[in-house]
Each structure stands twice: as structure tokens, then as C-alpha cells.
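>
Residue numbers (our numbering): -9 to 91.
#1: Is residue -2 buried or exposed, if buried means 16 or more other CB atoms sit within 10 Å of its CB?
#2: Which residues bound the alpha helix (DSSP H) around residue -1?
#3: Assuming residue 65 and residue 9 make a contact with CB atoms under 8 Å, what is their CB distance in whole Å?
#4: Go through its chain and collect everything with a Cβ distance to residue 69's Cβ below 8 Å, but skip five positions before and after it.
#5: When the Cα atoms are used, what is the spatial distance from residue 34 to residue 12?
#6: Tell me the rounded alpha-carbon separation between residue 51 and residue 58.
Okay, here's the thing in C-alpha cells:
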């Protein structure tokens, strides 16, 4: 199992999650919605890129390696979804900016 692939993708996810959270908090107004929208776009692009990579690797005949990429995509999707909502909750708690009720 290639743990470096998973580690690198999760570190990348953490990096842009922190960056997006800081951008949302610096903006102040509607910080939670900014975090939600930008995290959704970033996680979807990351997830899609990993799935596309898995498909390309699978078509090259390396099924075990493609499975690792697909597993990494699943991890990024699940953890990224939680980070998206968690980051929005943090921004809402600090700024009290968004009203999505």
C-alpha cells in the first residue's frame, strides 16, 4: 500500500483548507459562505483529479495502483466534506456572519 500518496493528498487537503479558512476569516463578511463555496470547489477539483488519475492508471493496466488513487480520492472526498462544513462552522462561530437557516 502506498501511504505516501494518501499522506501527500491529505496534507494538500489540509493546506488548502487552512488557506481557504484564513481567506474567509480575513474577509469577515459572509465568511462561512465563502469557506463553503471555495472548499466545495477545491475538494471537488481534488477529488475529480484523483479519479481521473485513477482512470488513466487503470487504462495503462496498473489496477492495484489505480485502486490506491481511487482510495485516496475517497479519503479526500469524505474528509474534505467534513472539513468544508467544519470550516464553515468555525467561521460562523468566530464572525457570526452567515445565516443559512
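We put the CB at the ideal spot given by N, CA and C, even for glycine.
Result, derived from the coordinates:
#1: Answer is exposed; the Cβ neighbour count stays below 16.
#2: Segment -7 to 17, the alpha helix (DSSP H) holding residue -1.
#3: At roughly 20 Å, the Cβ-Cβ gap does not stay under 8 Å, so residue 65 and residue 9 are not in contact.
#4: Excluding residues within five positions, the ones whose Cβ falls inside 8 Å are 0, 3.
#5: For residue 34 and residue 12, the distance between alpha carbons rounds to 20 Å.
#6: Straight through space, the alpha carbons of residue 58 and residue 51 are spaced by roughly 14 Å.
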